[in-house]
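Number of protein chains: 2
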Amino acid sequence: MTDLKKFEEVTISSEKIFQGKIISLQVDQVRLPNGSVASREIVKHPGAVAVIPLLGDKMIVVEQYRKPLERSQVEIPAGKLDSGEEPLKAALRELEEETGYRTEQIRLVSSFSTSPGFADEIIHLYLAEELVKGTANPDEDEFLDCEAITLEQAQQYIQEGRISDAKTIMAVYAWQLYRLTGRI
Amino acid sequence: MTDLKKFEEVTISSEKIFQGKIISLQVDQVRLPNGSVASREIVKHPGAVAVIPLLGDKMIVVEQYRKPLERSQVEIPAGKLDSGEEPLKAALRELEEETGYRTEQIRLVSSFSTSPGFADEIIHLYLAEELVKGTANPDEDEFLDCEAITLEQAQQYIQEGRISDAKTIMAVYAWQLYRLTGRI
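Quick note, the sequences are listed as chains A and B, same order.
To convert, note that position 29 of the first sequence is 29 in full-length UniProt numbering; the numbers rise steadily by one, no gaps.
To convert, note that position 1 of the second sequence is 1 in full-length UniProt numbering; the numbers rise steadily by one, no gaps.
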């Protein structure tokens with residue numbers, strides 16, 4: 001049995017610093033295993049979904065501006081969970097809103113934390129196949145372009161820095177492994 | 001030529017909310033491509049390094065408590081950049097501090113953003129081979145166990161949730177691709 005509490009840092013106090021529309025921030029004082037006290041800056045996030053949408057020998061990606069990076073980026077379709085929303089439902093919603101595609105052929109690849117040192121964000125990553133074209137319908141404050149790219153183009157985009165986020169690089173690796181082994 | 005400013009969100013104003021020891025938080029008001037105004041909650045982070053340390057048919061990983069997730073996690077060695085520190089130097093430093101291993105055989109796999117929607121954190125991911133045993137020397141407030149695991153164990157850890165962060169899952173995919181194709 002795995003000990004998920006190994007080296008546990010017990011909360012002594014927690015100060016709420018900020019409550020935003022998407023994230024919140026708190027600073028916890030914790031007791032370390034040696035008894036000393038340390039502070040932990042923690043960003044709370046509602047969680048997100050992302051989808052690897054495969055269409056024949058291509059993957060559907062979206063290009064959008066990422067303010068924290070101050071540049072536009074090519075990424076797999078993704079978005080925050082709405083309050084109480086089931087991740088699979090959110091994945092199908094984001095896929096259709098951002099790309100116009102629907103599917104009944106979708107499964108979870110993994111659920112991972114993006115920045116376990118300072119944030120609790122979890123992304124649920126899905127593989128979607130057998131895509132059927134519908135109509136894209138981005139949120140009104142969402143500006144994005146949609147494109148279908150080959151594995152070679154995806155690798156080129158990584159080289160060029162047009163693809164540079166963890167979930168999309170992970171998706172490209174997973175796609176390549178799926179091609180090579182038939183499994184993700 | 002790639003247009004890195006496509007759909008640019010121009011800053012109207014920026015409010016500093018918090019300056020911590022590791023992260024800071026600001027809220028920017030931005031003008032969207034359609035002229036309307038939106039707010040962006042942005043976490044600033046100094047950047048980090050992570051290392052895929054391969055020793056024969058095993059990878060060296062560390063187990064530590066992750067307060068934002070409230071559980072201990074198995075991850076590849078990683079750490080924040082010190083102020084002004086060159087990423088390669090930081091990667092060699094973290095590798096030795098956390099695992100005791102040194103190497104002269106190290107190269108960059110990719111530099112990726114962990115959460116481009118709300119944070120500017122970049123992780124520089126390195127592949128380290130030809131490891132030479134020295135002495136581990138974690139920071140004084142760092143409590144961790146070090147372990148060498150096979151690819152099959154790593155995949156098992158992902159199934160069990162003991163490995164669940166983006167950089168380590170990416171590392172396992174990259175390691176598997178390296179085995180299959182001789183390249184990362």
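Note that the Cβ used here is the ideal one computed from N, Cα and C, for glycine as well.
Anticipated Cβ contact below 8 Å, residue i with residue j, distance rounded
i, j, result
"Leu144(A)", "Pro138(A)", "6 Å"
"Val51(B)", "Ala136(B)", "The Cβ separation is near 14 Å, so there is no contact."
"Ile22(A)", "Phe118(B)", "6 Å"
For residue j and residue i, the rounded distance between their alpha carbons
i, j, result
"Ile184(A)", "Gln153(A)", "20 Å"
"Trp175(B)", "Glu160(B)", "19 Å"
"Pro53(B)", "Ile76(B)", "8 Å"
"Asn34(B)", "Gln26(A)", "34 Å"
"Val30(A)", "Pro68(A)", "29 Å"
"Gly79(B)", "Leu55(A)", "38 Å"
"Leu180(B)", "Leu125(B)", "20 Å"
"Gln64(A)", "Lys133(A)", "21 Å"
"Met1(A)", "Gln155(B)", "Low confidence applies here, because Met1(A) scores a pLDDT of 48, under 50, leaving its location unreliable and the question unanswered by this model."
"Asp82(A)", "Glu94(A)", "11 Å"
"Val74(A)", "Lys58(A)", "14 Å"
"Glu70(B)", "Glu8(A)", "8 Å"
"Ile48(B)", "Ala91(B)", "Residue identity differs from the one stated: residue 48(B) is Ala in this sequence, not Ile. Cα to Cα, Ala48(B) sits roughly 9 Å from Ala91(B)."
"Lys89(B)", "Thr99(B)", "15 Å"
"Ala38(A)", "Leu32(A)", "7 Å"
"Ser14(B)", "Arg40(B)", "9 Å"
"Glu86(B)", "Glu121(B)", "15 Å"
"Tyr173(A)", "Tyr101(A)", "22 Å"
"Leu177(B)", "Ser36(A)", "42 Å"
"Lys44(B)", "Thr103(B)", "31 Å"
"Arg66(B)", "Gln105(B)", "29 Å"
"Lys16(A)", "Met170(B)", "32 Å"
"Gly84(B)", "Ile12(B)", "29 Å"
"Gly20(A)", "Ser24(B)", "14 Å"
Residue of the options minimising C-alpha distance to residue i
i, options, result
"residue 196(A)", "Lys6(A), Leu32(A), Val43(A), Glu96(A)", "The structure shown does not extend to residue 196(A), since chain A is modelled only from 1 to 184, so the question has no answer here."
"Asp28(A)", "Ala91(A), Glu63(A), Thr135(A), Ile42(A)", "Ile42(A)"
"Pro46(A)", "Val109(A), Cys146(A), Ile123(A)", "Ile123(A)"
"Glu147(B)", "Ser39(B), Arg162(B), Val62(B)", "Val62(B)"
"Leu4(A)", "Lys5(B), Thr99(B), Lys16(B), Arg162(B)", "Arg162(B)"
"Ile158(B)", "Ser110(A), Tyr157(A), Ser24(A)", "Ser110(A)"
"Ser72(A)", "Leu177(B), Lys6(B), Gly182(B)", "Lys6(B)"
Counted within 10 angstroms of its Cβ, other Cβ atoms place residue i as buried (16 or more) or exposed
i, result
"Arg107(B)", "exposed"
"Val10(A)", "exposed"
"Val141(B)", "Note that residue 141(B) is Asp in the sequence shown, not Val. With fewer than 16 Cβ atoms within 10 Å of its Cβ, Asp141(B) is classed as exposed."
"Thr150(B)", "exposed"
"Gly182(A)", "exposed"
Distance cut-off 8 Å: residue i Cβ against heavy atoms of the ligand GDP
i, result
"Trp175(B)", "Among the components modelled here there is no ligand, and therefore nothing to report on the ligand GDP."
8 Å Cβ cut-off: residues of chain D touching residue i
i, result
"Arg66(B)", "The question asks about chain D, but that chain is absent: this structure's protein chains are A and B."
Taking 8 Å as the threshold, find out whether the region 155-171 of chain A comes into contact with the region 109-125 of chain B through three or more Cβ pairs. Between the region 155-171 of chain A and the region 109-125 of chain B, the count of Cβ pairs shorter than 8 Å is three or higher; the stretches touch.
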